[in-house]
Structures are given as structure tokens and as C-alpha cells.
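Taking it in order: structure first as C-alpha cells, then the write-up.
In our numbering, the protein residues as written are 49 to 499.
The following block contains the structure:
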């Protein structure tokens with residue numbers, strides 16, 4: 049009996065110790081305890097940063113933003129920190145540039161920019177979570193566009209992760225960035241789930257940018273952006289690969305789903321499915337693009353790099369001028385000053401399946417490469433495109449536009465009512481239908497240097 053009692057007491061002590069350790073690891077750090085004030089006339093940056101720093105130094109836990117409105121400048125997330133925004137909590141970005149800290153990444157192999165400004169920043173972190181049902185509002189309309197490449201320089205990103213691992217962003221709402229809303233650069237194992245994004249208050253207002261990341265899962269995002277919505281990039285030699293994006297509803301004045309334009313490394317093993325593309329319900333502002341959008345699915349390689357094993361399926365689209373655009377070209381823009389890109393890149397292995405487009409523009413879709421550099425192995429199956437039609441015979445474009453910025457409408461109205469295919473090998477169409485309200489004299493599919 050004594051042994052049993054001793055064993056029981058030992059187990060009880062062990063349980064208490066385990067619970068105590070678990071409680072310590074999951075401790076909450078309420079920003080109010082560090083001096084944050086629920087008043088947007090008061091800057092709470094220092095208080096929020098103190099909570100983050102102490103949380104990380106103690107091994108991790110939750111930095112809690114309670115219900116209320118708080119004004120901050122740049123905050124820097126640290127490893128093992130869960131930034132949790134309670135229901136009714138809003139972090140508002142300061143409208144003064146003086147409250148944003150220029151940050152230079154430790155990830156020296158990415159020479160894309162020297163210093164950038166952003167509201168929420170993380171560099172080389174692990175096990176970071178941003179969640180809750182609160183809001184981060186960048187108030188980005190306050191930052192005027194001063195030069196062509198001023199995004200992240202005088203107009204802050206709202207959220208930027210560089211070289212992070214095991215990153216989760218879940219359930220929160222993000223609004224009104226100065227430029228791109230969220231930029232994940234060279235990160236591994238990223239999960240984005242159930243977020244809402246509204247970004248229609250400035251130039252370069254992308255909703256989501258996944259850049260040279262590996263092992264990414266995006267589900268359940270609802271996004272309304274002026275610029276591109278779901279955007280994959282490769283602004284360094286690091287490929288964007290092993291990415292799954294599904295179950296999202298997106299609106300964009302530009303490209304709803306886009307791989308590019310930056311493609312130094314390229315894209316591999318990308319699966320995008322179950323996306324609903326629709327025009328924005330609010331057309332009160334427009335900085336780029338067209339009210340109904342430029343393109344639904346844009347797959348581009350123009351700065352070297354490769355695009356292979358990419359699947360886009362089960363997409364419903366309302367609007368967009370030129371719904372599908374596959375483009376291999378040779379802009380050859382480097383990711384740092386003085387870089388020379390001397391290869392064209394390649395597109396080999398694209399599968400577009402089960403796409404229905406209603407009320408498209410009359411421009412047509414295109415799949416194009418360059419002389420001597422064809423697009424290869426593209427299958428287009430079960431695709432229906434409905435548009436007004438009524439276009440007469442149209443001459444094929446005589447300019448390759450090899451160096452120009454890739455855009456689905458770059459040639460204007462195409463010579464095919466459905467798909468114009470040029471400089472391509474093994475592009476196959478199965479069960480592709482073009483429906484026009486008025487008779488259209490263009491062929492549904494036109495091929496040049498394509499077999």
C-alpha cells in the first residue's frame with residue numbers, strides 16, 4: 049500500500065510539473081500590461097514590441113491584443129510567438145512614415161532590396177502564428193506614390209516574413225496596406241487559413257504574395273484587391289515550389305491568379321483549385337487594371353526560371369477581359385542591380401482543367417512563347433468561355449513583344465475568339481467551348497508555329 053501511495057504521489061507531482069511547464073510555455077502576454085493604450089491618438093508600438101520580446105525570450109506563448117483600437121508603427125515578430133488578436137481588436141498602422149523602421153534582412157542571399165518598411169515584420173523566425181478574429185488595418189491610403197518602385201520604401205507593406213519556417217496566419221482580417229498586403233519571401237512551411245483581405249486603397253495593392261517559398265498551403269481566403277489577388281513570385285533564384293491553394297474567393301482589378309512576373313527561379317509543383325473569381329462589389333476606386341479584372345489565370349516566365357508541373361483546376365470566373373494567359377518571354381529583369389540574365393527560361397507541364405468563365409471580355413485567351421523557345425506540354429480540358437462576341441476577322445499580332453511587361457491584354461484583341469497559340473509544342477485542347485452572344489468571325493482556336 050505504501051508503494052502504491054508513493055507511486056500515486058509521484059505521479060501527481062509529475063502531473064503538476066507537466067501542467068506547470070505547459071502553462072509556462074503557453075503563457076499570455078497581454079499588451080495592455082506593457083502600456084498599450086486602446087486609443088488611436090496614442091502610439092503603442094513600444095508596448096507591443098516589449099510584449100513580443102518578453103514572450104520570445106521566455107520560450108514563447110501568446111501576445112494578446114484585447115478588444116479595442118491600437119495605433120502602432122513597425123513591430124518585429126520573434127520566434128515562438130503567437131500574435132493573437134481578440135474579436136473586436138484592431139491594430140491600426142500609423143499614418144506617419146517616421147513610425148516605420150527600415151529593416152534589412154539577415155538573409156543575405158536575397159538581394160532584392162536593401163531596406164524596406166512594413167507594419168509587421170519577421171526575419172529568420174520559426175514557429176510564428178498570427179491568429180484570432182481581430183483586424184490589422186494599415187491605413188495605407190495615407191502614403192502617396194512618390195516613384196515607380198516605391199513599394200516597401202515610402203509605402204509600407206502590412207505584413208512581411210523573410211526566411212521564416214513554420215509560419216501560420218489564420219482567421220484574421222487584413223485591410224488597407226500601403227502596397228502589397230502580405231509578402232512571404234523565401235519561407236518554408238507556411239499555412240494561411242481562413243483570412244479576409246481587403247486591399248483597394250493604393251497602388252500595388254496585391255492581396256497575397258508567395259515569393260520563393262516551399263511547402264505552402266493556402267485555404268479559405270476571401271480577398272478583394274485592386275492589384276493581383278493570389279500571386280506567386282520568384283524574385284531570386286529560389287523557386288516557389290510545393291504550393292497548394294484551394295477554396296478561395298477572390299476579386300481583382302488585375303490578375304486573380306498569377307504566377308509572375310518576377311521569375312528568376314520559377315515555379316514547380318503548384319496546385320491551385322476550387323477558386324471563385326468575381327468582380328469587386330465595391331467599384332469606388334481603381335488604381336490599376338479594369339473594373340472586371342484583366343485576367344483570371346496568368347502563368348508567366350519572363351526573367352529566366354522554369355515553370356513546370358503546374359495544375360489549375362475547378363475555377364469559376366465572372367468577368368475578366370482575357371481569362372487565360374500563358375506567357376514565355378524574355379524581359380530578363382534581374383533581382384539586383386547589375387545582374388545579367390542570359391537564358392530565356394521555360395514553361396513545360398501545365399494542366400488547366402474544369403474552368404467556367406462567364407461574361408468575359410472579347411480579347412481572347414493566349415498561350416505564347418518565342419521563336420526557338422516554345423511553350424511545351426500544356427493541356428486545356430473542360431473549359432468554357434462565354435463572352436459578347438461580335439468581333440470581325442482580326443489580324444494576328446506581328447510583334448513578339450519579347451521584352452515587354454507580360455499582360456494578358458498586351459496585344460489587344462486577339463485573332464481567336466477562344467485561344468491564340470503561338471510558338472508552342474504539344475498544346476492540347478479537350479472539350480473546350482466558346483459561347484458568344486453575337487456571331488464572331490474569329491476561329492475558336494488559332495495556332496501559329498504550334499504543333
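By construction, the Cβ of each residue, glycine as well, lies at the ideal position given by its N, Cα and C atoms.
- In the DSSP assignment, residue 324 falls outside any alpha helix (DSSP H) and within the unbroken beta strand (DSSP E) covering 314-325.
- Taking the Cα positions, residue 440 is about 25 Å away from residue 475.
- The DSSP-derived three-state label of residue 412 is coil.
- At a Cβ-Cβ threshold of 7 Å, residue 465 and residue 448 do not count as neighbours.
- Assignment of residue 105 by DSSP, reduced to helix, strand and coil, places it in the helix class.
- Contact annotation: the region 181-199 does not touch the region 312-325, with fewer than three C-beta pairs closer than 8 Å.
- For residue 222, the uninterrupted beta strand (DSSP E) run begins and ends at 221-223, by DSSP.
- Residue pairing for residue 256: DSSP places it in a beta bridge opposite 278.
- A Cβ-Cβ distance of about 16 Å is found for the pair residue 298 and residue 318, leaving them out of contact under the 8 Å criterion.
- Here residue 90 is exposed: its Cβ has fewer than 16 other Cβ atoms, across all protein chains shown, within 10 Å.
- Less than 7 Å separates the beta-carbon of residue 88 from that of residue 119.
- Under the three-state reduction of DSSP, residue 451 is assigned to coil, being neither helix nor strand.
- Residue 461 places its beta carbon less than 7 Å from that of residue 411.
- Note on geometry: alpha-carbon atoms of residue 121 and residue 178 lie some 17 Å from one another.
- By the C-beta density criterion, residue 455 is buried, having at least 16 other C-beta atoms within 10 angstroms.
- Residue 396 has its alpha-carbon roughly 7 Å from the corresponding atom of residue 357.
- Check the Cα spacing between residue 343 and each of 451, 407, 145, 109: the tightest is with 407.
- DSSP, read as helix, strand or coil, puts residue 90 in coil.
- Secondary structure note for residue 166: its beta strand (DSSP E) is the uninterrupted segment 166-171.
- Annotation: residue 115 is outside any beta strand (DSSP E) and is labelled neither H nor E by DSSP.
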